[in-house]
Amino acid sequence: ITVIISLLGLFWNGTVLWLLAFRIKRNAFSVYILNLAGADFTFLCCQLFFVLTDILTNSYDISLSTLHSKLVAPIAFSSYTMDMSLLAAISTERCLSVFCPVWYRMHRPKHLSTIVCGLLWTKSLLVCTLTGVSCGFLFRDYSQQMCYNLTMVSAVLILLLVSMMCVSSLTLFLRVQCSTQRHHPTKTYIIILLTVLVFLLCGLPFGMYWLLLDWWHQAILQFLTLPYYLIDILSCMNSSINPIIYFFVGSFRQWRKRESLRVILQRALGDEAEVSMGKEPSHTDTMELSV
Numbered sequence: 001i002t003v004i005i006s007l008l009g010l011f012w013n014g015t016v017l018w019l020l021a022f023r024i025k026r027n028a029f030s031v032y033i034l035n036l037a038g039a040d041f042t043f044l045c046c047q048l049f050f051v052l053t054d055i056l057t058n059s060y061d062i063s064l065s066t067l068h069s070k071l072v073a074p075i076a077f078s079s080y081t082m083d084m085s086l087l088a089a090i091s092t093e094r095c096l097s098v099f100c101p102v103w104y105r106m107h108r109p110k111h112l113s114t115i116v117c118g119l120l121w122t123k124s125l126l127v128c129t130l131t132g133v134s135c136g137f138l139f140r141d142y143s144q145q146m147c148y149n150l151t152m153v154s155a156v157l158i159l160l161l162v163s164m165m166c167v168s169s170l171t172l173f174l175r176v177q178c179s180t181q182r183h184h185p186t187k188t189y190i191i192i193l194l195t196v197l198v199f200l201l202c203g204l205p206f207g208m209y210w211l212l213l214d215w216w217h218q219a220i221l222q223f224l225t226l227p228y229y230l231i232d233i234l235s236c237m238n239s240s241i242n243p244i245i246y247f248f249v250g251s252f253r254q255w256r257k258r259e260s261l262r263v264i265l266q267r268a269l270g271d272e273a274e275v276s277m278g279k280e281p282s283h284t285d286t287m288e289l290s291v
């Protein structure tokens, strides 16, 4: 099941990466989606490698398990935290666009999305490297105290990101609920709310498991009998289902039209007007901002 879901997710995320990188003009929102698809693609590659390692180490190459535990595991956790960070950044920026619409339209830095994504990738790679050096990955010796400290830092980071994600998404949800009586919610808000909901249901158990891995067999956690393969499947579903959300939202109410994936994806991610620096908002923009 994990192999099938991972292969499908790789195909779907690869399609999104291809379209956003070469076929569609990117805006502030689609830059985040491009990086999110890259993080999901990397995570699914690691998960696929995990499963193939479990299969092959039973009969063929024992050295694959060493590569799995020493190199691929920190890459998987790094891409997982990147996925979480991007969702927190997207939902937080959407809140700013709702509550500070004038600043967002007029004073938002042009390349803010690119800068934020670059900083988040740097943070994820730094966490990956430090964890790999201290916790016995990346072909280094295990340091119990340093690994424990980094685990605590990772736990605080994950809790902070989840809190930001939940608060901003709940704020967006309430805002959408209040505005639906006067105006249909934009596709951007729907995509954000659905992706965050999927992450909380399918992706969050994976992070919680890895944070509690060192204490899994202690008495306080003995009542947790959820098999790891279910967490594995849920995490793959989380990284695979996002492209389906994009194409579903983009084709909503357009079922009778035969359109290409590029047009559908562009409609889903392009309903946010490009930020025009120094441009006076029109009467239509003013009405949209009031909503």
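Mapping the sequence shown onto UniProt numbering, position 189 (from 1) lands on 189, and the numbers just tick up by one. Even glycine gets a Cβ: it sits at the ideal position worked out from N, Cα and C.
Worksheet item: Can you tell which of S134, L87, L159 has its C-alpha closest to the C-alpha of C147?
Response: Closest option to C147, Cα to Cα, is S134.
Item to complete: Taking only the alpha-carbon atoms, compute the straight-line gap between S59 and K187 and give it to the nearest angstrom.
Response: Legend: pLDDT at S59 = 47, less than 50; position of this residue unreliable, no value from coordinates given.
Worksheet item: What residue does the alpha helix (DSSP H) around P101 start on, and which one ends it?
Response: In the DSSP assignment, P101 falls within the alpha helix (DSSP H) that extends over 101 to 106.
Practice prompt. Grab the span of the alpha helix (DSSP H) containing S6 for me, first residue to last.
Written response: First-last of the alpha helix (DSSP H) with S6: 2 to 18.
Item to complete: Evaluate C100 with the Cβ neighbour count: other Cβ atoms within 10 Å of its Cβ, from every protein chain shown; 16 or more gives buried, anything less gives exposed.
Response: Classification for C100: exposed.
Worksheet item: Going by the CB atoms, is the gap between S239 and F11 shorter than 8 Å?
Response: Against a cut-off of 8 Å, the Cβ pair of S239 and F11 comes out as no contact.
Worksheet entry | Contacting residues, own chain, Cβ-Cβ under 7 Å from V196 (five flanking each side not counted) | The answer, listed in chain order, is L87, S91, M165, S169.
Worksheet item: For the alpha helix (DSSP H) that contains C117, what are its first and last residues?
Response: It spans 112 to 134 - the alpha helix (DSSP H) in which C117 sits, taken as one unbroken run.
Worksheet item: Among I115, V153, H111, which has the Cα closest to the Cα of L130?
Response: When only C-alpha atoms are compared, the closest one is V153.
Discussion item. If you reduce the DSSP assignment to three classes, tell me which class G270 lands in.
Written reply: The answer is coil: DSSP assigns G270 none of H, G, I, E or B.
Worksheet item: Measuring CA to CA, which of L200, F247, A28 is closest to R94?
Response: Out of L200, F247, A28, A28 has the C-alpha closest to the C-alpha of R94.
Worksheet item: When the Cα atoms are used, what is the spatial distance from Q266 to S30?
Response: One C-alpha to the other measures close to 9 Å.
Worksheet item: In this structure, does DSSP put E93 in helix, strand or coil?
Response: In the three-state reduction of the DSSP assignment, E93 falls in the helix class, which pools H, G and I.
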